[in-house]
Structure formats: structure tokens, C-alpha cells
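What follows is a set of notes on a single structure, which appears directly below.
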Amino acid sequence: MKLAILLFSLLFIITPDDPVDKLVTAAANGDVSKVASALKKGVDINAKNRARWNALGYACKYGHFEVVKFLVEKGAKVNDPINTGSTPLAVAILEGNFDIANYLIENKADVNIP
């Protein structure tokens, strides 16, 4: 899994010093403490990287329930579209992360947005 994230990061030339990249990479890796640290440093919870993905989208894609829960509790927009116009809910469903999908629905994710 981490190799896939690394390759994806290299594909989009993610810079390790970019605060948004640190946030979304931490979310993709399931690291709640690094996500919290990035937010404490003032990174916008809904900020998108060059690939137009946000932290919540990555956490939903890779099945990191605790990160999803943390982000939602801190105010992440559950209906904020990612690169293709789909939502974190759609990503969670497509990846088979149904516990995350249910949690998003419980937290006002719109089931009518693709």
C-alpha cells in the first residue's frame, strides 16, 4: 500500500515540504497524529493537492476510518468534490470501504451526489 502511495506521489510530483501534501500524505497513510499536526500548523482541512484530492478523499480511498472520523469531527466537508467531481462517499463505496461510507452518510454526506 505504501509503495502505491509513493508511486502516486511521484507521479504528481508531490513535494515533501508542501504543507498540503504533508496533510494529504498523512491521511493517505492513515497517520492521525501527522494529520493533526498539519492542521495545528494551519493547513486548511479541505485543501487539495495538485491532483485535486483532499485529505478526506484519500482517507476514504485507502480505508483509514480513524482518519476519516478525525477529519469529519474537525470540520472536513463531507460533500466536497475531489478531482473527478466525485465525493468522498463515492470513493469509499467504490473502494469497498462501507464502514466509512456509512459513517459519512451518518454525518450528512449527500447520497445523491456522484
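Per the working numbering, the sequence shown starts with residue 1, numbered consecutively.
Every residue, glycine too, gets a C-beta built ideally from N, C-alpha and C.
First through last residue of the alpha helix (DSSP H) which encompasses residue 57: Here residue 57 refers to the residue found at position 57 when the sequence shown is read from its first residue. 55 to 61 is the extent of the alpha helix (DSSP H) around residue 57.
Pair within 8 Å by beta-carbon distance, residue 49 and residue 21: Your numbering for residue 49 matches position 49 in the sequence shown. Your numbering for residue 21 matches position 21 in the sequence shown. In this structure, the beta-carbon distance from residue 49 to residue 21 falls below 8 Å.
Nearest to residue 64 (by Cα), restricted to the options 105, 35, 79, 113: Indexing the sequence shown from 1 puts residue 64 at position 64. Of the candidates 105, 35, 79, 113, the residue whose Cα lies closest to the Cα of residue 64 is 35.
Proximity of residue 87 and residue 59 at Cβ, strictly below 8 Å: By 1-based counting over the sequence shown, the position of residue 87 is 87. By 1-based counting over the sequence shown, the position of residue 59 is 59. Against a cut-off of 8 Å, the Cβ pair of residue 59 and residue 87 comes out as no contact.
Per-residue burial, residue 84 [other beta carbons within 10 Å of its own, 16 or more giving buried]: Within the sequence shown, numbered from 1, the residue matching residue 84 stands at position 84. For residue 84, the number of other beta carbons within 10 angstroms of its own is below 16, and it is reported as exposed.
Straight-line Cα distance separating residue 37 from residue 99: Looking up residue 99 in the sequence shown gives position 99. Looking up residue 37 in the sequence shown gives position 37. Residue 99 and residue 37 have their C-alpha atoms roughly 25 Å apart.
Limits of the unbroken alpha helix (DSSP H) element including residue 81: Numbered from its first residue, the sequence shown carries residue 81 at position 81. Premise fails: residue 81 is in no alpha helix (DSSP H) and is neither H nor E.
Residue 79 versus residue 40 - alpha carbon distance: Taking the first residue of the sequence shown as 1, we reach residue 79 at position 79. Taking the first residue of the sequence shown as 1, we reach residue 40 at position 40. Rounded to whole angstroms, residue 79 to residue 40 spans 23 Å at the Cα level.
Cα-Cα separation between residue 28 and residue 71, rounded to whole angstroms: Numbered from its first residue, the sequence shown carries residue 28 at position 28. Numbered from its first residue, the sequence shown carries residue 71 at position 71. Their backbone Cα atoms lie some 12 Å apart in a straight line.
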